[in-house]
Structure formats: structure tokens, C-alpha cells
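Residue numbers (the numbering used here): 38 to 261.
Virtual Cβ for every residue (Gly too), placed ideally from N, Cα, C.
As the structure is a computational prediction, the values presented were derived from the model and not from experiment.
Following: one structure in C-alpha cells, then a few remarks.
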């Protein structure tokens, strides 16, 4: 049977509660880490390293302003079909298939991180889908031609905290029109996007007040 856990969005960050511990739910992070030695999801036990790229749970908690056990990353998430239900504030993990009808996107992946297409400026762009990102990112020189909406402070393992100016970008994702608040990544992270053949990141803002199915085994993302 699928297992369901409490899900909450706080200050732009998405947390899933497992055994009374809050974990950052992060499809954009390749590796899981935390201050708990093992984690059981859907009767599958995972050994958890205590850090990734120099970041541990204590530092993570400082960055996000919330006590968290760590990050559940793509290495674990890709093993399940997951319903992310922001309306009812719950996340469901299943090994078996979950049926969900909606705007269905085909996904590619790089290091386990899902990639979807978004049309920006009339061009299809390969974008990481990152539930751990509080805003979206668009690595294109046209970014500053969109309406400015102020600076945001963010962080990434191996880079630490950084600040970026953000802009409201019109994007078509599958059959839907979205306005994404997009910043620009530091040079090192931007190079990672280039290696993966991607041009940006779609953050968790597209999850608000809806149900989303992340089905890596079927290479699908469903926006219901």
C-alpha cells in the first residue's frame, strides 16, 4: 500500500514529515543526506550519509530557517511514484503505479534530476524540475528584459548562499500558461546546466494549490 506523509510549504521550501522529522523534498538535489542514519519509505530502508558537497543538516537548517533532518534527493525519489498534493498538504509515495489525469509532461533526466520542456520567448527550453527551489531560474541573456520583481537570497550545496535579481517570465508548460519568478544562477551552477543541456530550473512555485504526480518510472510529470 502507498504511504502518505504530511507535506508543507514554508518560506518557499517544501518539507515532508517522516517519523516526526521534517525533510526537504528536493527533486533537484542528486543525493540524499541528513542527520539520521537510515530512512524507511514504503517499506524500503535507505542508509543516509551525513553531508553532501560540504553541506550538512545543521547548515541546511540555518539556510532555510527551519529545523530539518536533511534533504531527500533524486537518488531516493526516483525509486517511487509520488503524489505531491499541496491542496491537502500531503505527499504519497508508492512503488506501484499511481493513476492521475492532467497536464502530462514527458520527462528526461540528468543525474536523476527530472527535466521538462517549457516554452519561453517562443522557444522550447529544457528545464530542470526542482521541488527544492523556492524560485525558478532562466540562464538566458533575455532574462532582464522581463519585469523586475526584486532580489532573492537562495543557496545550493557546494556554493552556499547567493543573491539574485528576479524577473517575472512568461512560460508555457505543457498546456498551461505560467508566470515564473526567475533568477540567474551563479557561474558554477550555470555551467552545470550547460553540461546537462538545460537552460534553467522550474521551482516549486508550480505546485501551489494543486496535485502533481512525479512518476519517474514512467518518465512523466502530471500537473492535475
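6 Å Cβ shell around residue i - same chain, five flanking residues per side excluded
i           : result
residue 150 : 65, 111 and 165
residue 76  : 83 and 85
residue 265 : Given that the chain is displayed from residue 38 to residue 261, the structure contains no residue 265 and the question cannot be resolved.
residue 130 : 40, 78, 79, 117 and 119
residue 209 : 156
The alpha helix (DSSP H) enclosing residue i, as first and last residue numbers
i           : result
residue 208 : Counting along the chain, residue 208 falls outside any alpha helix (DSSP H), though it belongs to the beta strand (DSSP E) covering 197-210.
residue 230 : 224-232
residue 117 : Run containing residue 117: none; DSSP gives neither H nor E here.
residue 99  : 94-101
Alpha-carbon to alpha-carbon, residue j and residue i
i           : j           : result
residue 236 : residue 181 : 15 Å
residue 256 : residue 145 : 7 Å
residue 158 : residue 73  : 44 Å
residue 220 : residue 134 : 35 Å
residue 217 : residue 207 : 6 Å
residue 239 : residue 229 : 15 Å
residue 147 : residue 87  : 23 Å
Member of the options whose CA lies at the smallest distance from the CA of residue i
i           : options               : result
residue 171 : 155, 184, 190 and 142 : 190
residue 245 : 39, 50, 40 and 42     : 50
residue 55  : 42, 67 and 63         : 42
residue 203 : 227, 185 and 194      : 185
residue 81  : 254, 63, 132 and 195  : 132
residue 175 : 115, 154 and 213      : 154
residue 173 : 104, 232, 243 and 234 : 243
residue 234 : 124, 162, 100 and 138 : 162
residue 179 : 168, 215 and 160      : 160
Residue i, enclosing beta strand (DSSP E) - first and last residue
i           : result
residue 128 : 127-131
residue 188 : 185-193
residue 109 : 107-109
residue 257 : 257-260
Nonlocal neighbours in the same chain, by C-beta distance under 7 Å from residue i, ignoring five residues either side
i           : result
residue 106 : 58, 59, 60, 71, 72, 73 and 94
residue 102 : 48
residue 89  : 68, 70 and 194
residue 124 : 246, 247 and 248
*Would you say the segment 110-127 touches the segment 244-259, given that touching needs at least three Cβ pairs under 8 Å?*
yes
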